[in-house]
Structures are given as structure tokens and as C-alpha cells.
Amino acid sequence: MWEYTDKVREHFLNPRNVGEVENPDGVAEVGSIACGDALKLSFKLDENKRIREAKFKTFGCASAIASSSALTEMIKGMTLEEARKVTNQDIAAYLGGLPQEKMHCSVMGKEALEKAIENYQGAPAKEPGAQIICECFGVTDREIERAVRENNLATVEEVTNYTKAGGGCGNCHDAIRQIIERVRAENKPAAAPKLTNIQKIKRIEEALEREIRPSLKHDGGDIELIDVVGNRVIVAVRGACAACKASDITLKHFVEAKLRDLVSPDLIIEEVAP
Amino acid sequence: MKTVYLDNNATTQVAPEVLEAMLPYFHDLYGNPSSMHSFGGQVARKIREAREQVAALIGATPDEIIFTSCGTESDNAAIRSSLATYPERRHIVTSRVEHPAVKSLCANLAGQGYRITELPVDKNGILDMEQFAGSLTPDTAVVSLMWANNETGVIFPVEKAAELARERGIPFHTDAVQSTGKIPINLQKSAIDMLSFSGHKLHAPKGIGVLYIRKGTRFSPFLIGGHQEKGRRGGTENTPSIVGLGKACELAARDMDAENTTVKRLRDRLESALLTRIPKCRVNGDIQQRLPNTTNISFEFVEGEGILLLMNEYGICASSGSACTSGSLQPSHVLRAMGVPFTMAHGSIRFSLSIYNTEEEIDFVIEKLPPIIERLRSMSPYWTSVAQACVSA
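Residue numbers (my numbering), protein chains in the order written: chain A, 1 to 274; chain B, 275 to 667.
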């Protein structure tokens, strides 16, 4: 059995603000029945543009219902500016905490709130350029990035607890791992200063020479820098690597990861056509 | 608050007679059955008796019974023994709806290079026997199919399947954890080579299991140690539990009729009342080929954990196949294998009864559950006017 706090139990047994606001100013639906939880949030503003009424309908477990109930209580009386600042951690904290495996319930609340505000303000419902990473639960790279950033997540398992991404077939675990690395690299205090092209090429050369080539040579392979176009690092593989079926993986997981770590997190490695 | 326990496929209460039989073996008769003194020797005699009681329940001979620590150990021992005794074979046949004790083991073995065939089931949870026959190859080291499913109670025709395996010289194992004590089993008349079951599902304590190995079946021990269980399973005997299990098997044989009449009647009463009183629900699994004590009902548009926690407020205990309760994020693999739609799978509840349940308890659940479902549906964004219109239509 899950270890729910008394506050979670109480909000589950006596949920506040169940239903739908009539003639809402903002409304949003997140989640899906396939995913196992879904939340429909609606709110109405008063004459001072503060949230006068907020209601929810939730399909999901006890913590999903409690998170929705808590959210509606929290945002009442807030301006949209204030409401926008409510994080999933605030929701969890309001409930005295949620089990790690249930943190995605608080994230769902935060997402619904954000989308309902966007709905009121007429902003695009879909984040531009967002890409589905987890097919099983329909989670985008943006959602994962944000969960990683706001909750300082470090492992795939944590990402699954917060967003559900990776909780199904597991095919996206590598992609999630890359997002984690990318976001955590951004957070490093010594943010890489913008490099000139010459500096960039020089540092790539150095990284290849010092950090990458020795490992490849150990296995009888080698790598050659052909060109750098913007953030695209074009390389050719030589020796044993040229004949190796796994060289794609080596390039992506080892060479690209190293270059991103040492030079710039935006680099993309590309192999010249053979 | 009184507990209404309808979760007997998870575990059962130790029968009072079983507890009584066990008690002397903790404090008074604590000797080691292997000892060369009559203080220990009297315990060995009692274990022999228990072995006979166990064998009698499943139509085996006492020397075909090995005591283990649980169903999972028995499953692991059986499957690994076949792999060890047929080292040239690299293929295992099983189903998609097995208990994790078999399913996870097979997944693990797949990582070690074994080829696993997981047979599908149809929407009622039934195995296609033709497909089963077609999956058997000269490379197949073992077949492992559950006798009855823990979530739906659906019964596989394991006796028929075992015959097909025997014709091809393939050892056949069945996980009979849910069926033992609930439906008659006679291994003498079957081609099943290995069978696992567990004490705590039939009113014996947790921590005791059985592995049946047919005489003449090749066997390689899982736990290697002393000469206990004729060297087939090392480790000092769990005397109190073995004695308790013997008693429980005797009681199960005695209560087999009640299980299939009284318990079945209560189950059917619960099931039909809920189906009548609650719109948009249905039974998962074949309603004929099924254990007499189990019903798995899906309540559409609500989520199982909420149902369980609201029932918990009344002391009613059951289980769910929903994602939120499974500890993973997807609903039960059994319901998914049956192709139960997500709207149904997340709201599935398993009620599993025992001979200790009463009519009053069943009526209590029939009274309390409809408002619980209604309450959760009123909160559900999917319980829209459309869904309700479908109901009244």
C-alpha cells in the first residue's frame, strides 16, 4: 500500500471543488485514459483578474485526485501571474509530500494549470517544436526537460516517477538519459561562453586528440575531423571503426557526449557519407 | 471496524486447525528431524505424515513431494532443473499471463541466451491449444504454464497441454499456486512432470511451498546443501510450517466441495449483483473455465486505486489490476494480454473469496460498492453525458 500523508487521504476522501466551472475563462485537459490518469481543470476570474473559482474532474488514483483538489484550493484568489509560479513541488508540499512514484500526479496538476492559463490568454496549446519522446505515455522532450530542471532529476527512474516517461516499453530510456545529460549540463555554473568558430574548432580538435582518439585507438579505430558547420561536427571514422557495426552508437554515445561535455552542449555529431 | 477479506488470491488466513497443529513445533517439539535422537526423530515422523497429506491432495506419492520456501522457489527450481538436465536445449514455452515468478525468470533467462515463446491468450484469457502444439520444438527444454490465473481465475487446460508435451519428450511444469485446494488435482492421471504450489494460498502460513517432481523426471537441485528432501532441496526443514501445510492440505481436500458450491455461490452472487447494480462494468476472463472463488470486474471510467481506498474505508479488502496499484505505470500484464481496453483495465478489481467468507459480508460489499463507483465517476472527466447516454440506451 502507498504511504499517503493524512492530507492526501483527506483530500482524496473529501475532495474540494469537484466539477466544472460554468462559462470558464480558462479550461484545460491533460493526461489520457490510456495513461491511467487525466485531469480537466477550469477556472473563472473575478473583476480584479484574480481566480475566483477553480474546479476539477480527475480520472486517476488517490494522489491524482488529492493533487487536483489541492491545486484548486491553492490557486483560488491568485492572479494568473501568481498562479503561473505554482510548481509541482508546491502542490506536493501542500499535501505534505507525495510518494516518489506518485510525483507525476503533481506534475499533471501543474501542466493542467499552465494549459488552462494559456487557454485563457489564447497562447498556443502545443509547445512549438515539442517532440514526443515516450510513445507509451505521450510525453514530450519539453515536458521531460522541465521536470528535470525544476526537480533536479538525475536518473531515468526519477524522470519516470515525475512524468511517466519511460514507464512503458522502455524504448525511450536512452533518449531520456540524453535529455537529462543535456539539461544537467546547462545547469553547470560555468556556463560555456559563446565560442567563435575558430575557438570551437580548436577545442573540438583538442578534445578529439586528448579524450577521444586514445580510446578509439585502443580498439584499433580512429576519427578524423572533416568540418564544423555551426553546431554540426562532421567527422569520418577510420581503421576498425570504419568496419564496425556499432560505430554509430560509439559516435552518438561516446564522441558526441564527450564533445558536448567538453566543448558545447549544442554540438551534433555527423558522419560523412562513406 | 470488521474486515471483509476478499483478497484470498493474494494470501489467506491460517486456518485455526492449522495453527493449532503447528504450535507444538515451535517450543516443545523443536528437535531437528535429521538428529539421531528420538527427540528429533519424532519430528521426522510428523514431517513424513505431512508429506503424505500433501501428496494425497494432489494425487501424488509422498516421495514426489519436495518442501520449499514458497511458490516462487518451486517455479525457479522446476524451470532451472529442466534447463540443467537438458543443457543442449535452449527454448522455453510459457504464456503471456504467467505470475512474475515464471515471467520474470523467463525474461532473465532470455538475457542469458534462451529463446522464450510467450503464448498469447484470447480476449477471455484462454490459450489456443493449436498454437501451443505448434510452439513445441525439439529444442524446447521445458514448458511452464500456470494452471489457473491469479488475476482472473481463468483455468488453462494444463493436463491436455502436458500430454502434448510428453508426446514430444518435453518436461512440463505448471504453476498451480492458485488452483491447488480450489479445484481437484490428480497427478497420477496426468502427464504433468512438475507442479508448484504455495501454502499461504490455502490457509497454511507464508514461507512454505511445494514442488512436485514426478518419479522418473530428471531433476537437478536448486538449493544444494544437506541431505534434506533426499538431497533435492538442502536446508533444515521448516517443521512447523510443513506440519501446518500438511494439515491445510487435509482441510482443503475436505473443503473441496464447499469451495465449488458454497464459495462459488457467494462469488456468483457478488458478481451478478454488481453487474446488475452498476452500469458500465464487465467481467474479465472466461466465466466458465474459471476458479470458483475469483471474479475480476472492470468498472469503466474509474481508476482501481481509488476504488480500493474507498472500499478500505469500510474494511473491504480486494486487489486491482490498475497501473497505480501495480507499482508500474501500466495496467496488469494479464489484462493487457487479453486486450482489455484501457478504459476498463485501469478500473479492474479482483475479488477472491475463501470458505471463511459469509453471505453477510458479500451483501455488505454489494451495498457499499455501487455508491463508491458512482462517487468516483462523478469526479471522472470521462464519465460524460455521452457515456451516461450509452448506459441508459
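All C-beta atoms, glycine included, are put in the ideal place defined by N, C-alpha and C.
Quiz prompt | Option nearest residue 731 of chain B by Cα separation, candidates B:508, B:452, B:419 and B:448 | solution = No information on residue 731 of chain B is available, as it lies outside the stretch 275 to 667 that chain B covers here.
Quiz item: Alpha carbon to alpha carbon, what distance is there between residue 161 of chain A and residue 89 of chain A?
Solution: Numbered from 1 along the first sequence, position 89 holds the residue referred to as residue 89 of chain A. Numbered from 1 along the first sequence, position 161 holds the residue referred to as residue 161 of chain A. If you take the alpha carbons of residue 89 of chain A and residue 161 of chain A, they lie about 13 Å apart.
Quiz prompt | Minimum Cβ-Cβ distance from residue 583 of chain B to chain A less than 8 Å | solution = Position 309 of the second sequence, counted from the first residue, corresponds to residue 583 of chain B. Cβ-Cβ to chain A under 8 Å: yes for residue 583 of chain B.
Quiz item: Straight-line CA distance for residue 536 of chain B to residue 510 of chain B?
Solution: Working through the second sequence from its first residue, we reach residue 536 of chain B at position 262. Working through the second sequence from its first residue, we reach residue 510 of chain B at position 236. If you take the alpha carbons of residue 536 of chain B and residue 510 of chain B, they lie about 39 Å apart.
Quiz item: Rounded to the nearest angstrom, how far is the Cβ of residue 39 of chain A from that of residue 92 of chain A, given a contact under 8 Å?
Solution: As a working note, residue 39 of chain A is residue 39 in the first sequence. As a working note, residue 92 of chain A is residue 92 in the first sequence. Approximately 15 Å separates the beta-carbon atoms of residue 39 of chain A and residue 92 of chain A; this is outside 8 Å, ruling out the contact.
Practice problem: Look up residue 570 of chain B in the DSSP assignment and give the residues it is bridged to. | Solution: For the purposes of this step, residue 570 of chain B is identified with residue 296 of the second sequence, where counting begins at 1. For residue 570 of chain B, DSSP records a beta bridge to B:624.
Quiz item: Is residue 238 of chain B near residue 589 of chain B, with beta carbons less than 8 Å apart?
Solution: Residue 238 of chain B lies beyond the range of chain B shown here (275 to 667); nothing can be said about it.
Practice problem: Quick one: grab the DSSP three-state call for residue 11 of chain A. | Solution: Counted from its first residue, the first sequence places residue 11 of chain A at position 11. Three-state DSSP puts residue 11 of chain A in a helix.
Practice problem: Under 6 Å Cβ to Cβ from residue 667 of chain B, same chain only, skipping five residues before and after it: list those, please. | Solution: By one-based count along the second sequence, residue 667 of chain B stands at place 393. Confidence in residue 667 of chain B is poor, its pLDDT being 44 and thus under 50, which makes the residue's placement unreliable; the coordinate value appears in the next sentence. Correct list: empty, nothing qualifies.
Self-check item: DSSP three-state assignment for residue 232 of chain A, whether helix, strand or coil
Solution: Residue numbering aside, residue 232 of chain A sits at position 232 when the first sequence is read from its first letter. The answer is strand: DSSP assigns residue 232 of chain A an E or B state.
Exercise. Below 8 Å CB to CB, which residues in the same chain sit around residue 272 of chain A once its five sequence neighbours on both sides are set aside?
Key: Within the first sequence, numbered from 1, the residue matching residue 272 of chain A stands at position 272. Taken in chain order, the residues that qualify are 226, 234, 235 and 236.
Self-check item: Cβ neighbour criterion (16 or more within 10 Å) applied to residue 313 of chain B
Solution: Locating residue 313 of chain B in the second sequence gives position 39, where the first residue counts as 1. Counting Cβ neighbours within 10 Å, residue 313 of chain B comes out exposed, since fewer than 16 surround it.
Practice problem: Could you tell me whether the Cβ of residue 620 of chain B comes closer than 8 Å to any Cβ of chain A? | Solution: As a first step, residue 620 of chain B is located in the second sequence; it is residue number 346 there, counting from the start. Nearest CB-CB separation between residue 620 of chain B and chain A: below the 8 Å threshold.
Quiz item: Using a C-beta cutoff of 8 Å, does residue 617 of chain B count as contacting chain A?
Solution: As a first step, residue 617 of chain B is located in the second sequence; it is residue number 343 there, counting from the start. True, the Cβ-Cβ gap to chain A drops below 8 Å.
Self-check item: Run of the beta strand (DSSP E) containing residue 45 of chain A, from where it starts to where it stops
Solution: Counting from one through the first sequence, the residue named residue 45 of chain A turns up at place 45. Start and end: 37-45.
Quiz item: Contact check, residue 596 of chain B vs residue 622 of chain B under 8 Å by CB: the rounded distance?
Solution: For the purposes of this step, residue 596 of chain B is taken as the residue at position 322 of the second sequence. For the purposes of this step, residue 622 of chain B is taken as the residue at position 348 of the second sequence. Rounded, the Cβ-Cβ distance is 6 Å, consistent with contact.
Quiz item: In or out: residue 452 of chain B buried (at least 16 other Cβ within 10 Å) or exposed?
Solution: The count along the second sequence starts at 1 and reaches residue 452 of chain B at position 178. When all chains shown are included, residue 452 of chain B counts as buried.
Self-check item: Contact set for residue 498 of chain B: own chain, Cβ-Cβ below 8 Å, skip 5 residues either direction
Solution: Here the question's residue 498 of chain B lines up with position 224 in the second sequence. Taken in chain order, the residues that qualify are 508.
Practice problem: May I have a chain-ordered list of the alpha helix (DSSP H) segments no shorter than 4 residues that lie completely inside the stretch 105-159 of chain A? | Solution: Listed in chain order, the complete alpha helix (DSSP H) runs (minimum 4 residues) inside the stretch 105-159 of chain A are 141-151.
Self-check item: Listed by chain order, chain A residues near residue 563 of chain B by CB distance under 9 Å
Solution: Here residue 563 of chain B corresponds to residue number 289 of the second sequence, with the count starting at 1. The CB of residue 563 of chain B never comes closer than 9 Å to any CB in chain A; the least such distance is about 29 Å.
Quiz item: Can you tell me whether DSSP reads residue 271 of chain A as helix, strand or coil?
Solution: Within the first sequence, the letter at position 271 stands for residue 271 of chain A. Strand at residue 271 of chain A.
Practice problem: Tell me, to the nearest whole angstrom, how far the beta carbon of residue 350 of chain B is from that of residue 493 of chain B; I am working on the premise that it is less than 8 Å. | Solution: Residue numbering aside, residue 350 of chain B sits at position 76 when the second sequence is read from its first letter. Residue numbering aside, residue 493 of chain B sits at position 219 when the second sequence is read from its first letter. About 13 Å; that fails the 8 Å criterion.
Quiz item: Counting only beta-carbon atoms, is residue 540 of chain B nearer than 8 Å to chain A?
Solution: Here the question's residue 540 of chain B lines up with position 266 in the second sequence. Cβ-Cβ to chain A under 8 Å: no for residue 540 of chain B.
Quiz item: Around the Cβ of residue 532 of chain B, are there at least 16 other Cβ atoms within 10 angstroms (buried) or fewer (exposed)?
Solution: Translated into positions along the second sequence, residue 532 of chain B becomes position 258. That one is exposed.
Quiz item: Is the shortest distance between the beta-carbon of residue 21 of chain A and the beta-carbons of chain D less than 8 Å?
Solution: Going by chain labels, chain D is absent from the structure shown, which instead holds the protein chains A and B.
Exercise. Mark residue 107 of chain A as exposed unless 16 or more other C-beta atoms lie within 10 angstroms of its C-beta, in which case mark it buried.
Key: In the first sequence, counting from the first residue as 1, residue 107 of chain A sits at position 107. Classification for residue 107 of chain A: buried.
Self-check item: Rounded separation between residue 179 of chain A and residue 424 of chain B - CA only
Solution: Counted from its first residue, the first sequence places residue 179 of chain A at position 179. Counted from its first residue, the second sequence places residue 424 of chain B at position 150. Here the alpha carbons of residue 424 of chain B and residue 179 of chain A stand approximately 39 Å from one another.
Exercise. Return the CA-CA distance between residue 571 of chain B and residue 609 of chain B, expressed in angstroms with no decimal places.
Key: For this step, residue 571 of chain B is matched to residue 297 along the second sequence. For this step, residue 609 of chain B is matched to residue 335 along the second sequence. Rounded to whole angstroms, the separation of the alpha carbons of residue 609 of chain B and residue 571 of chain B is 11 Å.
Practice problem: Classify residue 17 of chain A as helix, strand or coil using the three-state DSSP reduction. | Solution: Position 17 of the first sequence holds residue 17 of chain A. The answer is coil: DSSP assigns residue 17 of chain A none of H, G, I, E or B.
Practice problem: Report buried or exposed for residue 546 of chain B, applying the criterion of at least 16 other Cβ atoms within 10 angstroms of its Cβ. | Solution: Along the second sequence, one-based indexing puts residue 546 of chain B at 272. By the 10 Å Cβ count, residue 546 of chain B comes out exposed.
Quiz item: Any beta-carbon of chain A closer than 8 Å to the one on residue 628 of chain B?
Solution: Looking up residue 628 of chain B in the second sequence gives position 354. Not closer than 8 Å to any Cβ of chain A, the Cβ of residue 628 of chain B fails to qualify, so no.
Quiz item: By the criterion of Cβ-Cβ separation under 7 Å, what are the contact partners of residue 653 of chain B in chain A?
Solution: As a position in the second sequence, residue 653 of chain B is number 379, starting the count at 1. Using a Cβ-Cβ cut-off of 7 Å, residue 653 of chain B is close to 15, 18, 57, 58 and 65 of chain A, given in chain order.
Quiz item: Cα separation between residue 320 of chain B and residue 286 of chain B?
Solution: Position 46 of the second sequence holds residue 320 of chain B. Position 12 of the second sequence holds residue 286 of chain B. Note on geometry: alpha-carbon atoms of residue 320 of chain B and residue 286 of chain B lie some 24 Å from one another.
Exercise. In the DSSP assignment, find the beta strand (DSSP E) that holds residue 449 of chain B and state where it starts and stops.
Key: The sequence position of residue 449 of chain B within the second sequence is 175, counting from 1. Segment 446-449, the beta strand (DSSP E) holding residue 449 of chain B.
Practice problem: Compare the C-beta of residue 43 of chain A against all C-beta atoms of chain B and say whether one is closer than 8 Å. | Solution: The sequence position of residue 43 of chain A within the first sequence is 43, counting from 1. With 8 Å as the cut-off, residue 43 of chain A does not count as an interface residue toward chain B.
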